[in-house]
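In what follows, a structure is listed as structure tokens, so that the remarks can point back to it.
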Amino acid sequence: QAFMADVIFPNKHEDKQYKYTDDSHLLISETYIGVNVEVFESDVFHSDISCRFKIVPGTVEYLIDNIDRTLQQSIEIEEKLSIDLIENLSEIKEDVLQRLQHLKNFRNRLENPNIYHLDVGAMYSNIIITNRLRPSAVVDSTICAQCNLNRPNAHCQRKMDWIWRGTYVPATRNELQRIQLQLENERFS
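Oh and the sequence shown: position 19 is 19 in full-length UniProt numbering, straight run, nothing missing.
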């Protein structure tokens with residue numbers, strides 16, 4: 001909005017000095033919880049420039065041990081297909097196991113990376129400004145149309161379940177005002 005109005009430096013938003021809950025308790029802090037933030041290597045990767053990657057064998061071993069559950073998750077939940085409809089499931093499973101074993105055996109890799117769009121716009125700006133996460137990022141259809149992972153049933157814009165969490169003072173607003181008045185009138189010597 002500042003850019004559209006030709007404002008070079010918009011005023012920084014300042015919160016109220018005291019913020020209260022709906023039932024008149026003083027808020028000490030508030031945040032949103034409910035999303036797992038995964039730690040991953042971040043860098044600028046180009047799909048046409050080879051990059052060195054080191055595979056963590058424990059993670060690959062976990063995938064090998066849980067191959068049936070992983071395939072079921074991928075087929076039934078992500079692709080929304082019945083696993084019974086897959087006629088060559090055993091061949092697919094064997095192919096995936098061979099590829100995972102290859103990754104486990106050759107951990108240091110030099111490959112052209114696949115580029116995946118990670119929309120962390122909801123987090124980065126707010127983490128920098130307020131040191132806490134916010135629930136949503138607004139992405140319109142023009143941004144999605146430019147994404148190379150855009151397809152009809154893409155789930156990348158799924159809504160996440162967020163829960164508000166706050167720390168508050170048990171005293172109500174009226175009780176806090178009485179305490180403030182008492183402290184203002186007391187003399188300490």
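We put the beta carbon where it would ideally sit given N, CA and C, even for glycine.
DSSP state of residue i mapped onto helix, strand, coil
i: TYR62; result: helix
i: ASN108; result: strand
i: ARG151; result: coil
i: ILE86; result: coil
i: VAL169; result: strand
i: GLU91; result: helix
i: PRO113; result: coil
i: HIS102; result: helix
i: ALA5; result: coil
Beta strand (DSSP E) segment containing residue i, residue limits
i: LYS54; result: 51-54
i: ASN174; result: Premise fails: ASN174 lies in the alpha helix (DSSP H), 173-185, not in any beta strand (DSSP E).
One or two residues paired with residue i in a DSSP bridge
i: TYR20; result: LEU26
i: THR31; result: ARG165
Residue i, buried or exposed, once every other Cβ within 10 Å from all chains shown has been counted against 16
i: LEU110; result: exposed
i: LEU100; result: buried
i: GLN177; result: exposed
Terminal residues of the alpha helix (DSSP H) in which residue i lies
i: ILE77; result: Per DSSP, ILE77 belongs to no alpha helix (DSSP H) and is neither H nor E.
i: GLN72; result: 67-72
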